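Student: Questions regarding the structure given below will be posed in turn.
Chains as they are written, first to last, in my numbering: chain P, 331 to 440; chain V, -5 to 112.
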């Protein structure tokens, strides 16, 4: 149950696009299409943005998109807005009824 | 509207026990698997445990296996996390969440803080 690898920080200016990576192994991200992404404003409840690699729950803007290649999943935030400044966490099903998260990425809107 | 409210956090010494609760409302509680996730100070999220909709199947992270017990009372729409033999590394905000592996954790509570310190 080793944590997925995310960059500790990312940044972009309003209107730009930013991509956050999430690297696992062939036993989790690379094997299962059960990667999720969460947005977390400190002090609030985390919010599900993406599930099953690229699906968005209702109400999540299409500015948020997910993808996967090999052992690495990615979250792209397009048309950055000030309210997108938050921590972003990825997770993947890791088999044997376990879940693994990444270390989180702090997104700063410049 | 789904609402999850954790309670029971506090400050305890290493080796002691604590029981967390999570009160759920706004959905058919007995139809959904539920999970606990924690976030230590300055750390990322860490999956802790999962329980099936009927409470018959429970799964734990290696870091808590044998020390934590996850249960649910579907008549009271409440989850419980019994934590024993607590360690300093268990210090974290504990969140309960609704959801399972495939569809992601679609709703979360605001968390309850557990501090393990001598």
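Beta carbons: idealized from backbone N, C-alpha and C, even for Gly.
Owing to the predicted nature of the structure, the values given are computational and were not obtained by experimental measurement.
1) Distance, Cα to Cα, residue 361 of chain P vs residue 5 of chain V?
2) Could you name the residues that DSSP lists as bridge partners for residue 332 of chain P?
3) In the segment 348 to 372 of chain P, which residues sit with their C-beta less than 7 Å from some C-beta in chain V, listed in chain order?
4) Might you give, ordered along the chain, the residues of its own chain that have their beta carbon closer than 8 Å to the beta carbon of residue 48 of chain V, omitting 5 neighbours on each side?
5) Would you verify that the beta carbon of residue 110 of chain V is, or is not, closer than 9 Å to some beta carbon of chain P?
6) Quick check: residue 336 of chain P and residue 396 of chain P, are their CB atoms within less than 9 Å of each other?
7) List the whole-angstrom C-beta distance separating residue 412 of chain P from residue 344 of chain P, where the pair is believed to meet the contact cut-off of C-beta under 8 Å.
8) Taking CB distances under 9 Å as the criterion, tell me whether residue 44 of chain V reaches chain P.
9) For residue 102 of chain V, which option in V:11, V:41, V:10, V:36 has the closest C-alpha, if you only look at C-alpha atoms?
10) Report the rounded CA-to-CA distance for residue 30 of chain V versus residue 431 of chain P, giving the unit in angstroms.
11) Do you know how far the Cα of residue 88 of chain V is from the Cα of residue 388 of chain P?
12) Any beta carbon from chain P within less than 9 Å of residue 77 of chain V's own beta carbon?
13) Under 8 Å Cβ to Cβ from residue 357 of chain P, same chain only, skipping five residues before and after it: list those, please.
14) Could I get the ranges of all uninterrupted beta strand (DSSP E) runs contained in the segment 366 to 430 of chain P, with 3 residues as the minimum, in chain order?
15) Kindly indicate if chain P contains any beta-carbon less than 9 Å away from that of residue 107 of chain V.
16) Applying a beta-carbon distance threshold of less than 9 Å, which residues of chain V neighbour residue 432 of chain P?
17) Nearest-angstrom Cα distance between residue 27 of chain V and residue 90 of chain V?
18) Quick check: residue 365 of chain P and residue 381 of chain P, are their CB atoms within less than 9 Å of each other?
19) I need the DSSP call for residue 25 of chain V, collapsed to helix, strand or coil.
20) With distances taken from CA atoms, which of V:72, V:51, V:50, V:81 is nearest residue 61 of chain V?
Tutor: According to the data block:
1) For the purposes of this step, residue 361 of chain P is taken as residue 31 along the first chain, with counting starting at 1. For the purposes of this step, residue 5 of chain V is taken as residue 11 along the second chain, with counting starting at 1. Straight-line Cα distance between these residues: approximately 40 Å.
2) Translated into positions along the first chain, residue 332 of chain P becomes position 2. Paired residue(s): none; residue 332 of chain P is not in a bridge.
3) Within the segment 348 to 372 of chain P, the qualifying residues are 364, 366.
4) For the purposes of this step, residue 48 of chain V is identified with residue 54 of the second chain, where counting begins at 1. If we look at residue 48 of chain V and ignore the five residues flanking it on each side, its Cβ neighbours are 24, 68.
5) The residue you call residue 110 of chain V lines up with position 116 of the second chain. Residue-level contact by beta carbon fails for residue 110 of chain V and chain P, as no gap is shorter than 9 Å.
6) The count along the first chain starts at 1 and reaches residue 336 of chain P at position 6. The count along the first chain starts at 1 and reaches residue 396 of chain P at position 66. No, Cβ-Cβ distance for residue 336 of chain P and residue 396 of chain P is not below 9 Å.
7) The sequence position of residue 412 of chain P within the first chain is 82, counting from 1. The sequence position of residue 344 of chain P within the first chain is 14, counting from 1. In this structure residue 412 of chain P touches residue 344 of chain P by the C-beta definition: roughly 7 Å separates them, less than 8 Å.
8) Taking the first residue of the second chain as position 1, residue 44 of chain V is located at position 50. True, the Cβ-Cβ gap to chain P drops below 9 Å.
9) Taking the first residue of the second chain as 1, we reach residue 102 of chain V at position 108. Minimum Cα-Cα distance from residue 102 of chain V among the listed residues V:11, V:41, V:10, V:36 corresponds to V:41.
10) On the second chain, residue 30 of chain V is found 36 positions in, with the first residue counted as 1. On the first chain, residue 431 of chain P is found 101 positions in, with the first residue counted as 1. Cα to Cα, the separation comes out at about 13 Å.
11) Locating residue 388 of chain P in the first chain gives position 58, counting from the first residue. Locating residue 88 of chain V in the second chain gives position 94, counting from the first residue. Near 26 Å, if we compare the C-alpha coordinates of residue 88 of chain V and residue 388 of chain P.
12) Residue numbering aside, residue 77 of chain V sits at position 83 when the second chain is read from its first letter. The beta carbon of residue 77 of chain V sits no closer than 9 Å to any beta carbon of chain P.
13) Position 27 of the first chain, counted from the first residue, corresponds to residue 357 of chain P. So the list reads 424, 425, once near-sequence residues are dropped.
14) Those beta strand (DSSP E) runs which fall completely within the segment 366 to 430 of chain P and span 3+ residues are 377 to 380, 394 to 399, 402 to 407, 416 to 423.
15) For the purposes of this step, residue 107 of chain V is taken as the residue at position 113 of the second chain. It does not: the Cβ of residue 107 of chain V has no partner Cβ on chain P nearer than 9 Å.
16) Translated into the one-based positions of the first chain, residue 432 of chain P becomes position 102. Ordered by position in chain V, the residues that pass the 9 Å Cβ test against residue 432 of chain P are 38, 39.
17) Taking the second chain and counting its residues from 1, the one referred to as residue 27 of chain V is at position 33. Taking the second chain and counting its residues from 1, the one referred to as residue 90 of chain V is at position 96. Between the alpha carbons of residue 27 of chain V and residue 90 of chain V lies a gap of roughly 11 Å.
18) As a position in the first chain, residue 365 of chain P is number 35, starting the count at 1. As a position in the first chain, residue 381 of chain P is number 51, starting the count at 1. Cβ atoms of residue 365 of chain P and residue 381 of chain P: closer than 9 Å.
19) Taking the second chain and counting its residues from 1, the one referred to as residue 25 of chain V is at position 31. Secondary structure at residue 25 of chain V: helix, using DSSP grouped into helix, strand and coil.
20) The residue labelled residue 61 of chain V in the question sits at position 67 within the second chain. The option with the nearest alpha carbon to residue 61 of chain V is V:81.
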